[in-house]
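UniProt numbering puts the first residue of the sequence shown at 1, with every later residue one more than the last.
See below for the structure under consideration.
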Amino acid sequence: MTLAPAPPRSDAPPAEPGLLALVGRTPLARIHTPLPHPHPGFWAKLEGLGAGGMKARAAVSMLTGARRRGELRPGAPVVESTSGTLGLGLAFAGQALGHPVVLVGDTELEPSMRQLLRGHGARLELVDRPAAHGGWQAARLARLREILARTEDAYWPDQYNNPDNPAGYRSMAAELIARLDHLDVLVCSVGTGGHSAGLVGPLRRRWPRLRVVGVDSVGSALFGQPARARLMRGLGSSIRPRNVRPELFDEVHWVGPAEAVDACRRLARGSFVSGGWSTGAVALVAAWAARAEPGAVVATVFPDGPHRYLGTVYDDAYCHAHGLTGATPAGHPLEIPHPRAAEAVGWTRCRTPAAALAPAPDPTPVPVPRPPAPGGAV
Ligand SMILES: Cc1ncc(COP(=O)(O)O)c(C=O)c1O
């Protein structure tokens, strides 16, 4: 005897499967704008121009995977912790597949993002203080567990550890392979590790000598640095998710918020396309990679567009108050031999990212400030 599938819950929104056709197929742009130093150009996948942003790919993949395995029942609520972009992706996937979406954010979440998430039908719960250990992420996860315990049938995608998150980016890899004849260097921001882990496999099968550069935030614990309070959202984390695989990367760069702001604003003025913290950070590093190796084909992913960041990256008063204006980013990063050799406080590069996996050999590293550059740029 087979059981009839359970009917959708009465509080579920109607599914709109036609929306799924809007995911992905984003443009690939050639960026030449100096950032601030001239470079030969790099390719940028403009994920902000796809419905639901880059994370719609991950959200649809995680929800369809869970439905296939019977972990997510038709119409059941989806609950996730997010600092924004995945929330928008889940709001999109929830509408497409017919699931109510509950998101746990924190009071650092930009007002514009709160409005966007609520405007797209998600219920938003905000935690108002970071946990003593694990920061905002740990505080959000604690609230998420409370909601899961009291919500019947609730499903938690767990973007930090769910293999369907990286799997959602196979479509992006296929789009890059269809557009590019060759690729030498892929530059990816890293937060949950989803898009970097999802792209690397298919792209290395196509181009076995591909080098992969991870871009993290200063103050992030992803690649072995000590966790600190961070201004930048999206890239970086105070925890180490399973989807972040340091061994996949040939090198890692940590970028500071002032450097990301400078790149975002130059991009917006010179190339029209821009984005937020992660876009600025990857653009800085991709431009450097293109300059460091003339002739190499370099590609990166701009995870979202600028609109969420009008009150931060593009707000003069905010940038002034946080000391993010006036400095010209260096022409190259500082180099450290090991992820824990020194604490990155500005753009810093390490060519042994996998060493972050080893247990900490040394005490907390001492910050090594960049010496002031004569005339600004180095
Ligand atoms: C705006 C933005 N950029 C970059 C990332 C990092 O991407 P991933 O989680 O795939 O590592 C995120 C993740 O949340 C994000 O929201």
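Just so it is clear, CB atoms sit at the ideal spot from N, CA and C, and this is done for glycine as well.
Query, Result
"What does DSSP give as the partner residue(s) for residue 379 in the beta ladder?", "The chain is shown from 1 up to 378; residue 379 falls before or after that span and cannot be answered."
"Helix, strand or coil for Ser189 per DSSP?", "strand"
"Touch check for the region 244 to 252 and the region 335 to 352: three-plus C-beta pairs under 8 Å?", "yes"
"Once DSSP output is grouped into helix, strand and coil, what is the label at Val212?", "strand"
"Keeping to the same chain, check which residues put their C-beta closer than 8 Å to that of Leu19; ignore five residues upstream and five downstream.", "Ala51, Phe92, Gln95 and Ala96"
"Could you name the residues that DSSP lists as bridge partners for Arg349?", "His253 and Glu335"
"Taking Cβ positions, are Ala131 and Ala138 nearer each other than 7 Å?", "yes"
"Do you know offhand how far Ala221's Cα is from Lys55's?", "22 Å"
"Decide if the region 165 to 173 is in contact with the region 189 to 205; the criterion is three or more beta carbon pairs, one per stretch, under 8 Å apart.", "yes"
"Taking only three categories from DSSP, how would you classify Leu20?", "helix"
"What did DSSP end up calling Ser196 once you bin it into helix, strand or coil?", "helix"
"Do the region 141 to 151 and the region 208 to 227 meet, that is, are 3 or more Cβ pairs less than 8 Å apart?", "no"
"Shorter than 6 Å, the distance from the beta carbon of Asp304 to the closest heavy atom of ligand 1, or not?", "yes"
"Taking the alpha-carbon of Pro36 as reference, which of Arg340, Pro329, Pro202 and Ala342 has the nearest alpha-carbon?", "Pro329"
"Quick check: what's the CA-CA separation for Val313 versus Glu259?", "11 Å"
"Kindly confirm or deny that the region 108 to 117 and the region 330 to 337 touch, where touching means at least three C-beta pairs closer than 8 Å.", "no"
"Decide yes or no for the touch test of the region 71 to 79 against the region 170 to 190: beta carbon pairs closer than 8 Å, at least 3 of them.", "no"
"Return yes when the C-beta of Gly121 is under 6 Å from any heavy atom of ligand 1, and no when it is not.", "no"
"Taking the C-alpha atoms as reference points, what is the distance between Val23 and Ala59?", "10 Å"
"Tell me the DSSP secondary structure of Ser171 in three-state form.", "helix"
"Could you compute how far the alpha carbon of Gly98 sits from the alpha carbon of Ala290?", "44 Å"
"Helix, strand or coil: which one does DSSP assign to Tyr309?", "helix"
"Using three-state DSSP, classify Trp43 as helix, strand or coil.", "strand"
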